[in-house]
Amino acid sequence: MEHPENDSQYTGLTVNSGVAQPPSVNPYMRRAKRKPLPSASELVEGIIKGDTTQLARAVTLVESLVPAHQAIAQEVIEKCLPHSGRSRRIGITGVPGAGKSTSIDSFGMHVIGQGHRLAVLAIDPSSERTKGSILGDKTRMEKLSVQDAAFIRPSPSAGSLGGVARKTRETIVLCEAAGYDTIFVETVGVGQSETAVHSMVDFFLLIQLAGTGDELQGIKRGIMEMADGIVINKADGDNIQRAQLAQAQFRSALHLFPTPPSGWTPKVLTYSGYYELGIAEVWQMIDEYFDFVRKNGYFETRRRQQSRYWMFETIDEQLRRHFYDNPDIARMLEEKERLVLSNRLSSFIAARDILDHYFSEK
2 MEHPENDSQY TGLTVNSGVA QPPSVNPYMR RAKRKPLPSA SELVEGIIKG DTTQLARAVT
62 LVESLVPAHQ AIAQEVIEKC LPHSGRSRRI GITGVPGAGK STSIDSFGMH VIGQGHRLAV
122 LAIDPSSERT KGSILGDKTR MEKLSVQDAA FIRPSPSAGS LGGVARKTRE TIVLCEAAGY
182 DTIFVETVGV GQSETAVHSM VDFFLLIQLA GTGDELQGIK RGIMEMADGI VINKADGDNI
242 QRAQLAQAQF RSALHLFPTP PSGWTPKVLT YSGYYELGIA EVWQMIDEYF DFVRKNGYFE
302 TRRRQQSRYW MFETIDEQLR RHFYDNPDIA RMLEEKERLV LSNRLSSFIA ARDILDHYFS
362 EK
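Position in the sequence shown (first residue = 1) + 1 = this note's numbering.
Right under this line is the structure:
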């Protein structure tokens with residue numbers, strides 16, 4: 002468009018047309034080609050050889066919701082299953098801020114120093130609104146994250162602890178097939194995740210703090226009954242006496258609970274993950290536990306119980322998915338929801354109608 006200012010009547014006034022705007026995308030940039038999906042055989046071969054790249058790719062497929070990815074992942078898990086089951090699985094839980102990641106860093110370096118290979122599976126809490134997750138646990142494991150003998154994999158909870166628990170269970174199988182003989186599973190630390198993690202580990206470690214107020218707040222019957230060992234972190238400096246007092250309180254509380262099915266009496270120890278004090282003693286307790294449960298046969302009994310538990314959990318999940326993925330059910334849910342919200346139908350009758358329709362199709 003010609004500017005009127007360039008007309009001859011406006012002597013000495015000129016407006017330049019300017020330069021063409023550059024493209025918003027760099028024309029010299031080459032688009033990266035997406036790598037084709039690896040076959041299940043390639044992944045299994047790499048995993049058994051201890052290739053961490055192939056292991057990480059397989060875990061990504063396990064965590065994916067894409068049906069094609071899930072098909073490959075299940076085939077990989079099935080082929081890796083005969084090579085699994087030879088590790089010590091340790092669950093680590095505690096309230097947020099108890100020092101779980103720092104403790105895992107110290108425990109892990111101790112384990113690697115004994116010649117073991119360690120896999121750390123950290124479940125990171127996700128936002129309920131955005132489903133986003135920072136996945137920052139690895140940054141707090143500064144020493145462990147640079148070790149060749151360690152594999153650290155943070156996973157977002159994405160608001161579904163049951164789904165994450167199943168994927169973590171499957172990831173344990175892959176890590177064991179890759180030759181990792183010690184598995185740490187760190188929980189979200191929000192309450193419900195402890196039960197899920199307890200159902201997939203051999204030893205359940207509860208990390209507590211002292212000097213944070215009412216010590217009895219940490220003595221909760223559910224979590225205390227699940228714990229095979231209790232450790233009080235940050236027992237250093239001026240906090241040593243408070244940690245020892247908390248230790249005595251927890252020991253007294255344990256006497257009120259029935260003897261665990263394993264026959265093992267949980268111990269209460271103090272340590273400092275940051276200053277690495279008492280780490281060897283904590284690990285000695287874990288060694289004593291494994292020796293104890295292997296001798297009395299509880300180790301194998303618990304593994305069999307867990308396998309049975311996950312069979313039923315998988316059935317429940319598949320039934321739930323089949324129900325909600327049914328297009329007829331999806332339409333009925335929308336219709337019944339409108340009726341319930343407008344008070345024209347009760348919640349119980351709506352649920353009964355939907356279930357009756359679902360089962361009538363079978």
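Where is the CB? At the ideal position from N, CA and C, for every residue including glycine.
Note that the structure is a prediction, hence the values are computed from the model and not measured.
Thinking just about the alpha-carbon of each residue, which of the options is nearest to the one in residue i?
i       : options                            : result
Ile-124 : Gly-109, Ala-197, Asp-182          : Ala-197
Met-333 : Arg-345, Thr-103, Tyr-359, Glu-318 : Tyr-359
Lys-168 : Gln-242, Asp-52, Asp-149, Ile-78   : Ile-78
Ala-166 : Cys-176, Leu-122, Leu-270, Lys-144 : Leu-122
Pro-37  : Leu-119, His-70, Ala-236           : His-70
Asp-149 : Arg-339, Gly-109, Val-174, Arg-170 : Gly-109
Pro-262 : Ser-40, Glu-46, Ser-104, Tyr-299   : Tyr-299
Ala-41  : Pro-28, Val-67, Lys-80             : Lys-80
Val-186 : Ala-249, Gln-55, Thr-172           : Thr-172
Asp-288 : Ala-72, Leu-62, Ala-21, Ile-91     : Ile-91
Short check: CB of residue i to CB of residue j, under 8 Å?
i       : j       : result
Phe-258 : Met-225 : yes
Arg-87  : Asp-182 : yes
Met-1   : Phe-204 : Not covered by the structure: residue 1. The range shown for the chain is 2 to 363.
Asp-354 : Lys-337 : yes
Val-60  : Arg-170 : no
Ser-200 : Glu-64  : no
Gly-274 : Ser-104 : yes
Ser-253 : Ala-178 : no
Gln-248 : Thr-271 : yes
Asp-329 : Tyr-290 : no
Val-174 : Leu-82  : yes
Ala-351 : Val-341 : yes
When we look at the beta-carbon of residue i and count the other beta-carbons within 10 Å, is it buried (16 or more) or exposed?
i       : result
Asn-234 : buried
Asn-240 : buried
Gly-137 : Unreliable positioning characterises Gly-137 in this predicted model, as indicated by a pLDDT of 48, which lies under 50. A coordinate reading is not provided.
Ile-135 : Below a pLDDT of 50, predicted positions are generally treated as unreliable, and Ile-135, at 41, falls in that range; no measurement from the model is reported.
Asp-326 : exposed
Glu-195 : buried
Thr-302 : exposed
Gln-115 : exposed
Asp-106 : buried
Phe-313 : exposed
Return the bridge partner residues of residue i from the DSSP annotation.
i       : result
Thr-94  : Leu-207
Glu-289 : Partner(s): none; Glu-289 has no beta bridge.
Lys-268 : Gly-230
Val-121 : Ile-153, Phe-185
Arg-89  : Thr-183
For residue i, decide whether its Cβ has a neighbour in chain D, counting only Cβ atoms nearer than 8 Å.
i       : result
Met-227 : Judged by its chain identifiers, the structure shown contains no chain D, having just a single protein chain.
For the structure I just gave you, are there three or more beta carbon pairs, one from the stretch 264-271 and one from the stretch 96-116, closer than 8 Å?
Short answer: they don't touch.
Across the stretch 200-213 and the stretch 242-252, are there enough close Cβ pairs to call them in contact, namely three or more that are closer than 8 Å?
Yes: at least three Cβ pairs fall under 8 Å.
Counting pairs of beta carbons, one from the stretch 268-284 and one from the stretch 298-311, are three or more of them closer than 8 Å?
Under the three-pair Cβ rule at 8 Å, the stretch 268-284 does not count as touching the stretch 298-311.
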